[in-house]
Amino acid sequence: MIDTGATHSFLTQSALSTLYHSVIPSCDRIAQLGDGQITLKIVGEIQLLLQFDKVFTRLNVLVVKTMNTDFILGSDWCTSNVARIDYENNQVSIRSSNGRTFMPYHKCIDSLTRDVKSINVIHIPPRESYTVQAKVELSSADTVYFSPVDVTQSDKSIIMSPSLLHINNYTTYLEVYNPHDYACTLPMNTVLGRVTHTLYHVHSCLLFDTPRRSSSLSYQHPIINAIEIEPASSTTSKTIDQLLAHIQNVQDKQQLRFILQQHIKIFDMSKVTQANTHIQHTINTGDSLPISSRPYPRTIEQRRELQDEIQKMLQTNQIRPSNSPWSSPVIICKKQDGSIRFLVDYRKLNSATKKDSFPQPTTEELLHPLGGHCFYTKLDLKSGYFQLPIHETDKEKQHL
Numbered sequence: 001m002i003d004t005g006a007t008h009s010f011l012t013q014s015a016l017s018t019l020y021h022s023v024i025p026s027c028d029r030i031a032q033l034g035d036g037q038i039t040l041k042i043v044g045e046i047q048l049l050l051q052f053d054k055v056f057t058r059l060n061v062l063v064v065k066t067m068n069t070d071f072i073l074g075s076d077w078c079t080s081n082v083a084r085i086d087y088e089n090n091q092v093s094i095r096s097s098n099g100r101t102f103m104p105y106h107k108c109i110d111s112l113t114r115d116v117k118s119i120n121v122i123h124i125p126p127r128e129s130y131t132v133q134a135k136v137e138l139s140s141a142d143t144v145y146f147s148p149v150d151v152t153q154s155d156k157s158i159i160m161s162p163s164l165l166h167i168n169n170y171t172t173y174l175e176v177y178n179p180h181d182y183a184c185t186l187p188m189n190t191v192l193g194r195v196t197h198t199l200y201h202v203h204s205c206l207l208f209d210t211p212r213r214s215s216s217l218s219y220q221h222p223i224i225n226a227i228e229i230e231p232a233s234s235t236t237s238k239t240i241d242q243l244l245a246h247i248q249n250v251q252d253k254q255q256l257r258f259i260l261q262q263h264i265k266i267f268d269m270s271k272v273t274q275a276n277t278h279i280q281h282t283i284n285t286g287d288s289l290p291i292s293s294r295p296y297p298r299t300i301e302q303r304r305e306l307q308d309e310i311q312k313m314l315q316t317n318q319i320r321p322s323n324s325p326w327s328s329p330v331i332i333c334k335k336q337d338g339s340i341r342f343l344v345d346y347r348k349l350n351s352a353t354k355k356d357s358f359p360q361p362t363t364e365e366l367l368h369p370l371g372g373h374c375f376y377t378k379l380d381l382k383s384g385y386f387q388l389p390i391h392e393t394d395k396e397k398q399h400l
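Take 1 as the starting number for the sequence shown in UniProt numbering and just add one per residue.
Written as structure tokens, this is what we have:
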């Protein structure tokens, strides 16, 4: 890698071990990187021959234990060889006996990635988000793009989001979520994901501010953009597991699980929810007189079940007491799971209601938008008839 801002050239010990070289004189020196914070431990200095196309040049390099890349070609070599960088044609030239010698260079930053690994053993409690301290083979970076590893998420049953991270002194912090009812353990050096340069099509901001603590203990970050996932009941977790049970592809299953976890409130059947909408339904009966129907005969057990169901709906504000002249009979049905389905026979009310005329789409028209897609699903509202409020003047017509 050419770094015109580096005053010296550097080579790692691991890269030097692959080359034939003389004995390295030991030394005890320290080099400081351009960020003014990170230091490199220099273990020695050696002279090497560097081949540039067909031209051989001499190069003094400082050998270090580790750094971001195996080799940095600094400004010392560029100056001694009168190097020029042609950004328009992506090539570098140096002075030689035949004038100037040219070599193309590759802008490989798009494919340059570094693993993000956990520093310590991490224990994540059930249904909690944990701030993990991780290490990266990058000394520092204001913003890098983090992409989680799907295999790690699947094997460890965790959820991580693609995000923008800040790196300081080879260290960064990211959020890991455990969506299950049992604790999760991440061993040391677990590959959590990979970082690369910030993609041009990513328009966002840093998700996590630089923490002040050096430990990996769980604590709160000043999060700018995030999805707050509230703790869900075990029933909700089982519901999501059942929805995903038929999916065989591990990657697809994990991606869908992450989507469902973002909207986990929707799948919480432990409490009654109502849609938040300003739309109100009207029942246009014109000049029709109120219609009242007698209740259907029921056994004592059925009456008790009906009364219990009415009390539940009163407590959740789904219904309210009324003395309306309109009345329609209630029908109680048993679901497959043994619960009660509360139905109302509104056939007489429907007969007095003016119909809305609009064309029904054909089967072909309904199937046409589905063409070319690979994944299909359906939305089924729980207690769908309670999701759309009735206009106040028409509520009396729904009297039971």
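No residue lacks a Cβ here, since even glycine has one placed at the ideal position from N, Cα and C.
Bear in mind that the values here come from a model prediction, so they are computed numbers and not experimental data.
request  = Tell me, please, whether the segment 366-376 touches the segment 350-358 by the rule of three or more beta-carbon pairs shorter than 8 Å.
outcome  = no
ask   = Span of the alpha helix (DSSP H) holding LEU366?
value = In the sequence shown, counting from the first residue as 1, residue 366 sits at position 366. It spans 363-367 - the alpha helix (DSSP H) in which LEU366 sits, taken as one unbroken run.
Helix, strand or coil at PHE386 [DSSP, three-state] = If you number the sequence shown from 1, residue 386 lands on position 386. Of the three classes helix, strand and coil, the one that applies to PHE386 here is helix, per DSSP.
ask   = Based on the DSSP output, what are the partners of PRO148 in its beta bridges?
value = Taking the first residue of the sequence shown as position 1, residue 148 is located at position 148. PRO148 pairs with GLY193.
Burial state of GLY286, where buried means 16 or more other Cβ atoms lie within 10 Å = Counting from one through the sequence shown, the residue named residue 286 turns up at place 286. Result: exposed.
inquiry  = I want to know whether the segment 117-134 touches the segment 174-187 - three or more CB-CB distances under 8 Å.
reply    = yes
ask   = Taking one C-beta from the segment 117-128 and one from the segment 143-151 each time, how about it: are there three or more such pairs within less than 8 Å?
value = no
ask   = Under the DSSP definition of a beta bridge, which residues are partnered with ASP142?
value = Indexing the sequence shown from 1 puts residue 142 at position 142. BP columns for ASP142 are empty, so no partner.
Contained beta strand (DSSP E) runs [length at least 3] in the segment 277-347, N- to C-terminal order = 330-334, 340-344
task = Could you check if ILE167 is buried or exposed, using at least 16 other CB atoms within 10 Å of its CB as the buried criterion?
result = Position 167 of the sequence shown, counted from the first residue, corresponds to residue 167. With 16 or more other Cβ atoms within 10 Å, it is buried.
ask   = By the 10 Å Cβ neighbour count, where 16 or more other Cβ atoms means buried, how is CYS27 classified, buried or exposed?
value = The residue given as residue 27 occupies position 27 in the sequence shown. With fewer than 16 other Cβ atoms within 10 Å, it is exposed.
inquiry  = Just to confirm my understanding: we take PHE102, look at its own chain, exclude 5 residues before and 5 after, and list those with CB closer than 6 Å. What are they?
reply    = Mapped onto the sequence shown, residue 102 falls at position 102. These residues qualify, in order along the chain: GLN91, SER93.
Own chain residues within Cβ distance below 6 Å of ASP110, not counting five before or after = Here the question's residue 110 lines up with position 110 in the sequence shown. Unreliable placement is indicated for ASP110, whose pLDDT of 49 sits below 50; the coordinate value is still reported in the next sentence. Same-chain partners within the cutoff: there are none.
inquiry  = I need the straight-line Cα distance from ILE85 to LYS65, nearest angstrom please.
reply    = The residue you call residue 85 lines up with position 85 of the sequence shown. The residue you call residue 65 lines up with position 65 of the sequence shown. If you take the alpha carbons of ILE85 and LYS65, they lie about 29 Å apart.
request  = Report yes if the C-beta of PHE102 is less than 6 Å from at least one heavy atom of the ligand HEM; otherwise report no.
outcome  = This structure simply doesn't include the ligand HEM, nor any ligand for that matter.
ask   = Taking the alpha carbon of PHE71 as the point to measure from, which residue in SER157, GLN254, ALA15, THR299 has its own alpha carbon closest?
value = Here residue 71 corresponds to residue number 71 of the sequence shown, with the count starting at 1. Of SER157, GLN254, ALA15, THR299, the residue nearest in Cα terms is ALA15.
request  = Per DSSP, which residues does ASP86 bridge with? Please list them.
outcome  = To locate residue 86, count along the sequence shown from 1; it is residue 86. Bridge partners of ASP86: GLN91.
inquiry  = Whole angstroms are fine: how far does the CA of CYS78 sit from the CA of ARG58?
reply    = Walking along the sequence shown from the start, residue 58 turns up at place 58. Walking along the sequence shown from the start, residue 78 turns up at place 78. Straight-line Cα distance between these residues: approximately 11 Å.
inquiry  = Looking only at its chain, what residues have a beta carbon closer than 6 Å to the beta carbon of TYR177, apart from the 5 residues adjacent to it on each side?
reply    = Residue numbering aside, residue 177 sits at position 177 when the sequence shown is read from its first letter. Excluding positions up to five away in sequence, the list reads SER129, ILE159.
ask   = What's the gap between the Cα of PRO179 and the Cα of SER157?
value = Counting from one through the sequence shown, the residue named residue 179 turns up at place 179. Counting from one through the sequence shown, the residue named residue 157 turns up at place 157. Their backbone Cα atoms lie some 8 Å apart in a straight line.
Through-space distance from GLN387 to GLN274, alpha-carbon basis = Here residue 274 corresponds to residue number 274 of the sequence shown, with the count starting at 1. Here residue 387 corresponds to residue number 387 of the sequence shown, with the count starting at 1. Their Cα atoms are separated by approximately 5 Å.
task = Determine the extent of the alpha helix (DSSP H) in which GLN274 is found, giving its start and end residues.
result = Along the sequence shown, one-based indexing puts residue 274 at 274. No alpha helix (DSSP H) contains GLN274, which DSSP labels as neither H nor E.
Cα-Cα separation, LEU42 to HIS123 = Reading the sequence shown from its first residue, position 42 is the one you call residue 42. Reading the sequence shown from its first residue, position 123 is the one you call residue 123. Leu is not the amino acid found at residue 42; the sequence shown has Ile there. One C-alpha to the other measures close to 37 Å.
request  = Measure the Cβ-Cβ separation of SER62 and PHE10 and say whether it is below 7 Å.
outcome  = Translated into the one-based positions of the sequence shown, residue 62 becomes position 62. Translated into the one-based positions of the sequence shown, residue 10 becomes position 10. According to the sequence as given, residue 62 is Leu; it is not Ser. Contact flag set, yes.
Reference LEU31, options GLN51, GLY74, LEU19, PHE56, closest by Cα = Taking the first residue of the sequence shown as position 1, residue 31 is located at position 31. Checking the sequence, you will find Ala at residue 31 rather than Leu. Closest by alpha carbon: GLY74.
message = In the DSSP output, which residue or residues are listed as bridge partners for ILE72?
response = Locating residue 72 in the sequence shown gives position 72, where the first residue counts as 1. The partner list for ILE72 (beta bridge, DSSP) reads PHE10.
message = I need the straight-line Cα distance from LEU19 to ILE119, nearest angstrom please.
response = What you label residue 19 is simply residue 19 of the sequence shown in a count that begins at 1. What you label residue 119 is simply residue 119 of the sequence shown in a count that begins at 1. Straight-line Cα distance between these residues: approximately 31 Å.
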